[in-house]
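Numbering (our numbering), first residue to last: 62 to 266.
Every residue, glycine too, gets a C-beta built ideally from N, C-alpha and C.
Structure, rendered in structure tokens:
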């Protein structure tokens, strides 16, 4: 049973190395010199494939004594001297990254300052609108009060007008009344006058 399972385990191990192995790749960088040579083999006599500049990122394929088999970002594979590469990111790259981050931060700060200016203008506009709204609200309240007073005055005026019309009507009708009552009063007065004279004559007799 163990002998039969052994080939299967080997196949599984091979597949595991084949598919999982690349995930353990290490990145290194050219450092310490201006540029180094990428060769076809781990020997200075091997042909130079390309020249790699300091700070260039490489993917490690294999280590062998003083040499490292690497792969460039462009896909070229070859060998370089291990003393000219390091897993630590070079300061020049760190400086460039920090410079880029700083530039991005400056850009964001400028954008935020511009947004802050825009917000300040908007806030000022809102404050002005609020003040106008409050004034309009106050003016509306004052207008309603004035309108109410105006309506009261109109009502008073109408009442006074009606009263004046009634008085004028009474004044116009009063002479007619005196004209009608006058003769009656005169006759009554004359009657009482004549009666009093008769009484005086009878008393003298």
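Proximity of residue i and residue j at Cβ, strictly below 8 Å
i           : j           : result
residue 115 : residue 141 : no
residue 138 : residue 122 : yes
residue 88  : residue 118 : yes
Assigned exposure category for residue i - 16 Cβ within 10 Å defines buried
i           : result
residue 209 : exposed
residue 75  : Any reading at residue 75 needs caution, since the residue's pLDDT is 46, under 50, leaving its predicted position unreliable; the model's value is listed next. Counting Cβ neighbours within 10 Å, residue 75 comes out exposed, since fewer than 16 surround it.
residue 215 : exposed
residue 201 : exposed
residue 129 : buried
residue 188 : exposed
residue 131 : buried
residue 225 : exposed
residue 207 : exposed
residue 99  : buried
residue 113 : buried
residue 84  : Residue placement at residue 84 is flagged as unreliable, the pLDDT there being 42, under the threshold of 50; the coordinate-derived value follows with that caveat. Residue 84 comes out exposed.
residue 97  : buried
residue 82  : Caution is warranted here: a pLDDT of 42 is assigned to residue 82, below 50, making its placement in the model unreliable, and the coordinate value is therefore given only provisionally. The residue in question, residue 82, is exposed, as its Cβ has fewer than 16 Cβ neighbours within 10 Å.
Presumed contact (8 Å Cβ cut-off) between residue i and residue j, rounded CB distance
i           : j           : result
residue 103 : residue 125 : 5 Å
Three or more C-beta pairs below 8 Å linking the region 86-96 and the region 139-147: As far as the Cβ criterion goes, the region 86-96 touches the region 139-147, which means the pair count is three or higher.
Runs of alpha helix (DSSP H) lying entirely within the region 117-182, each at least 4 residues, in chain order: Counting whole runs of 4 or more residues, the region 117-182 contains no alpha helix (DSSP H) stretch at all.
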